Structures are given as C-alpha cells and as structure tokens.
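A.B. asks: Have a look at this one.
Residue numbers (the working numbering): 6 to 520.
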C-alpha cells in the first residue's frame, strides 16, 4: 500500500457475482459478495473502504452483499485504548509467560477460543477472482491527467475535444500494493468513524468508564507480584525490549486497585534462567527490506505447513497466496507488515497486518501447528492490540484494532465479540454501534440494520456520478468525460454500482480502470 503522496489507487470492479462456497455454513453457493482487484491501493483509501464494509485478501478486495449472503459478515473493531483483557485472555498470556520461563506447559489446545487464525474469514471462502488480473502493466500507467478547466469545458462543450490537447504529464510508480514511509496527509476521519453510544441501563451492563470491582484476594496477589517484578527489573532475558516497548515496561507496574493490562504480561521481565526466548519483529512487506528478504523462505515454508495442516491445502495452493502478501515496496510506517514471532531463533508464527491512518487491521495469521498449545491466535491478537496502543503514542488518530468480520450466525466466529469494548459497523448507514446494542438484533435476525434512527442515511453515499474518476486508455478523467468518449454499450450501471459501494469520497480519489 502507498501512503497517499504518490500513485493513486487503481482498481478493477467485478460487480456482484453468483454465489460461491461458504466456509462457515458449508453452503455451496450461498456466499455472495462484490469484488474488485486492487492494482494499487493507498492506505487512506483502504481505511475508508474498510469503514464501508470492504476487506482485502491479498490484492482482492471484497464486500459481502449483506442482505443476500448466507452468513452476514459485519466489520468489527476493538477500542484498543480501552481494552480490558478477559480471564481467558489473561490465561493465554500467563501460559506464554510460563512456557518461556519454564517450558512446562500442558500441551493441550484450549477449547475456550478457536486456535485457528483469529482473522480467518479471508481464508474461509473461495473467491471467483482470486487469480491475478489479466490487465497489462502498460494499460495501468496513466499518461495524462486532464486539467480541471479543460474537463469543465469539455463537459459543457457539445463538440469533440482532442485528447492530445492541454494535458499534464504525471509520473507513475509500480502499481502494486506497496508500502510507503511517508506519513499520510492529515485528514478528517471518515463519516463512518461516528459511533452510536448510549450509557448502559441499570442491570444491563458495566460502565466502562469506571474501574472494575476487584476482590481483596486479587489485590494482595497483585501487590506480591509487584514486589517480585521490582526485584527482577534488571533481568530481561527472553524478552527483548526495544524503543517504545520500554515505555510500556515503565508503565506496566500494577497500580493499586487497577486490573493488570496486557502490557503487564507481554513486557513482564523474565528470570535469568528462562528456558526460551521470544522476540516479535515488525517487518515491512517488501523484498527491498533486508529482514523480510532474509526471512522470506522460512516464512513461506511456515505458511505452507500451516495451510496444509490447518486448511488442508495442497502444496500448489500455498505458493500463490504468499506471493500476494509479498509485493515490492519501500520501507514505511504505514502499509502492510508481517509481525514475526521468533522462538529461540525460529519463526513459529506470522501475523499479517495493515497499519492504516486510524487503525491496525489484522489480515491473516499463520503459525506452526506444533505450537497450537500456546493459543497463538489469541496471543497474537492481544499482542496486536498492545501494538496498536504503542503506535497511538506517536500517531494519536490511530486508536482502533480491526479484527475483520464478526459473524453471529456462525457460533465459532462469535469469539471476536469477547475483545471489548468493540463496535460493529451498520451495513446500511456505516455508523459504528457498540456490540452490546447489536447482539439482541442479531439474535432476532442474522441480517440487521444497527442504526436505530430510521431517518439516518449513508452520509458518504454517491451524490454525483459524473465526478467518479476513471482510467481509460491510460488517461485519467471524470466519468462525465469518459461517458462521452466511450464507444460501445453503456457501462453506466456497473460504474453506478461501484461508486455506490465505495462511496463518493473514494470514487473521486481512486481510479476505476475501464478498458
């Protein structure tokens, strides 16, 4: 992905297709979605797209047709800054600490939460357009961009205007999903960042603004642990703390009458004789990055082992997927990354994440099945929440952790709702709604509009089709100009559908490829 200062997003829209296999209810044709191929995608565009219910699998970006698909998939985000680990979450963190320190963990997979990828929705379905787009690179390289004055004149003028006249040359980099070190241009959060908040009624839920009630026994244990940790502050074997992580170590001391946070576990100092050493490395998805390049073969081998063991893929299925997550691109602060989990010098898990202007978005997780007993799906999700909070220290707008889709009609996917506080995206108005308000509606119907204001509409809806940006014959132009130049049957219905799904803002920034 690019940070927004260079090449624009270029997409091919495929429209809504016939149903295909659903990995949740096992329906052969019940899963229905819209899709498009992203030849390039800026982080701001992808942020706005996921805030309208889209999600990517490699370069394929899809949006379930919510009122038609067999298992409606609602975008879910966790409010990372206010996240409180549950007992089961702390159990996983303690298990990892015990394993690193002593190595004597009972190797039994917990039944409390799925041990598969915590964002497994992208792997649960067969997409009709998973293969590489057939459009050549030369067709995707813009030659010229019309000046605004020329566009307005051509739109008003009934006569033909020469394409060669009064155009501006633009430079174009490689149109692949790539990373960029430049910070995205500050922008107002999209309309979908709004949330419907209502204080809980008496007896209907906890007040998240107040600390949790705690037992005296737990407080005594925490004080004892605090003294123990203070005596071991000089010992950091088995857990490498670098840069900003030191901030969390400093602030991970338990506070009186306050529950322990995930940083207290993740960055806890270990004894001198710790049996194992765990290190988490953040690596840009770029073959130009030395760490990514040097660890690629090991990471690819792990991916193949995971896919064949957990998802029963064949060896030939594994290579292509990995390549989709390994495009070329410069080192960056925003874009696509791998979080590599190194245990004693060996990669045991890789979390694929996107760092976007307002969130960290989980894309996929694959791990060594031999270490399933460590609940790596849950553990990595907790580490990614902690990482989101770490990024927030330097990027104040970045404060959410997106977990993909919440699928209430599939019981095994409901565990995502346990990462609280969290919100679900209304499929009609694209407003965030606390999950506690959504669950009763989903119990009644698998498809539901969460925004209870009957008069509310999608504020980012398409208003002017003529302003949609199109890339046609290597020239960028608004749709009202393209419509006049196009020869052959009208494709207005397809463009209208595309623009309605991505919204007015994205339709004016992204380039819709038309042959």
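Heads up, the beta-carbon is just placed ideally off N, CA and C, and yes, glycines get one too. As the structure is a computational prediction, the values presented were derived from the model and not from experiment.
1. Residue 428 to residue 395, Cα distance in whole Å?
2. May I have a chain-ordered list of the alpha helix (DSSP H) segments no shorter than 4 residues that lie completely inside the region 372-453?
3. Using C-beta distances below 6 Å, list every residue in its chain close to residue 196, excluding the 5 sequence neighbours before and after it, in chain order.
4. Report back the beta-carbon spacing between residue 413 and residue 349 to the nearest angstrom; my notes put them in contact at under 8 Å.
5. Apply the 10 Å Cβ neighbour rule to residue 33 and answer buried if 16 or more other Cβ atoms are within range, or exposed otherwise.
6. Enumerated in chain order, which unbroken segments of the beta strand (DSSP E) with a length of 3 residues or greater are wholly contained in the region 37-61?
7. Taking the alpha carbon of residue 387 as the reference point, which residue from 511, 26 and 92 has its own alpha carbon closest?
8. So, under 8 Å CB-CB, residue 404 and residue 86 are touching, yes? Tell me the CB distance rounded to an integer number of Å.
9. Thinking C-beta only, is residue 506 closer than 8 Å to residue 476?
10. Buried or exposed: where does residue 265 fall if 16 or more other Cβ atoms within 10 Å of its Cβ makes it buried?
11. Can you tell me which of 443, 290 and 458 puts its alpha carbon nearest to the alpha carbon of residue 523?
12. Looking only at its chain, what residues have a beta carbon closer than 8 Å to the beta carbon of residue 451, apart from the 5 residues adjacent to it on each side?
13. Between 24, 102, 110 and 48, which lies nearest to residue 339 when the distance is taken from Cα to Cα?
14. Taking only the alpha-carbon atoms, compute the straight-line gap between residue 363 and residue 80 and give it to the nearest angstrom.
15. Is the beta carbon of residue 481 sitting closer than 8 Å to the one on residue 500?
16. For residue 72, count neighbouring C-beta atoms within 10 Å of its own C-beta (all shown protein chains included) and say buried if the count is 16 or more, exposed if not.
17. Among 416, 424 and 493, which has the Cα closest to the Cα of residue 30?
18. Are residue 50 and residue 514 touching if we call contact CB-CB under 8 Å?
19. Looking at residue 407 and residue 418, is the spacing between their C-beta atoms short of 8 Å?
20. Measure the Cβ-Cβ separation of residue 99 and residue 270 and say whether it is below 8 Å.
21. Does the Cβ of residue 508 have 16 or more other Cβ atoms within 10 Å, making it buried, or fewer, making it exposed?
22. Residue 341 lies in the alpha helix (DSSP H); which residues open and close that run?
23. Please state whether the Cβ-Cβ distance between residue 361 and residue 142 is less than 8 Å.
24. Have a look at residue 74 and residue 36 and give me their C-alpha separation to the nearest angstrom.
C.D. replies: This is what the structure holds:
1. Locating residue 428 in the chain shown gives position 423, where the first residue counts as 1. Locating residue 395 in the chain shown gives position 390, where the first residue counts as 1. Cα to Cα, residue 428 sits roughly 21 Å from residue 395.
2. 381-397 and 440-449
3. Working through the chain shown from its first residue, we reach residue 196 at position 191. With a pLDDT of 43 at residue 196, under the threshold of 50, the predicted position of this residue should be treated as unreliable, and no value is reported.
4. Locating residue 413 in the chain shown gives position 408, where the first residue counts as 1. Locating residue 349 in the chain shown gives position 344, where the first residue counts as 1. Not really, about 40 Å apart at Cβ, beyond 8 Å.
5. By one-based count along the chain shown, residue 33 stands at place 28. Label assigned to residue 33: exposed.
6. 38-45
7. Counting from one through the chain shown, the residue named residue 387 turns up at place 382. Of the candidates 511, 26 and 92, the one whose C-alpha sits nearest the C-alpha of residue 387 is 92.
8. Locating residue 404 in the chain shown gives position 399, counting from the first residue. Locating residue 86 in the chain shown gives position 81, counting from the first residue. Contact holds; Cβ gap of about 5 Å.
9. Mapped onto the chain shown, residue 476 falls at position 471. Mapped onto the chain shown, residue 506 falls at position 501. No, the pair does not count as a contact, with Cβ atoms beyond the cut-off.
10. Against the chain shown, residue 265 aligns to sequence position 260. Label assigned to residue 265: buried.
11. The structure shown does not extend to residue 523, since the chain is modelled only from 6 to 520, so the question has no answer here.
12. Your numbering for residue 451 matches position 446 in the chain shown. Answer for residue 451: 76, 77, 413 and 414, listed in chain order.
13. In the chain shown, residue 339 corresponds to position 334, counting from 1. Ranking the options by Cα distance to residue 339, first place goes to 48.
14. Here residue 363 refers to the residue found at position 358 when the chain shown is read from its first residue. Here residue 80 refers to the residue found at position 75 when the chain shown is read from its first residue. So the alpha carbons of these two residues sit roughly 15 Å apart.
15. What you label residue 481 is simply residue 476 of the chain shown in a count that begins at 1. What you label residue 500 is simply residue 495 of the chain shown in a count that begins at 1. Taking 8 Å as the Cβ cut-off, residue 481 and residue 500 do not qualify as a contacting pair.
16. Indexing the chain shown from 1 puts residue 72 at position 67. Flag for residue 72 reads exposed.
17. The residue you call residue 30 lines up with position 25 of the chain shown. Answer by Cα proximity: 416.
18. Within the chain shown, numbered from 1, the residue matching residue 50 stands at position 45. Within the chain shown, numbered from 1, the residue matching residue 514 stands at position 509. Going by C-beta atoms, residue 50 is nearer than 8 Å to residue 514.
19. As a first step, residue 418 is located in the chain shown; it is residue number 413 there, counting from the start. As a first step, residue 407 is located in the chain shown; it is residue number 402 there, counting from the start. In this structure, residue 407 does not lie closer than 8 Å to residue 418 by Cβ.
20. Along the chain shown, one-based indexing puts residue 99 at 94. Along the chain shown, one-based indexing puts residue 270 at 265. Yes, these two residues count as a Cβ contact at 8 Å.
21. The residue given as residue 508 occupies position 503 in the chain shown. Looking at its Cβ environment, which holds 16 or more other Cβ atoms inside 10 Å, residue 508 is buried.
22. The residue given as residue 341 occupies position 336 in the chain shown. Taken as a continuous stretch (DSSP letters only), residue 341 belongs to no alpha helix (DSSP H), being part of the beta strand (DSSP E) at 340-348.
23. Along the chain shown, one-based indexing puts residue 361 at 356. Along the chain shown, one-based indexing puts residue 142 at 137. Not in contact: residue 361 and residue 142 (Cβ atoms no closer than 8 Å).
24. As a position in the chain shown, residue 74 is number 69, starting the count at 1. As a position in the chain shown, residue 36 is number 31, starting the count at 1. For residue 74 and residue 36, the distance between alpha carbons rounds to 5 Å.
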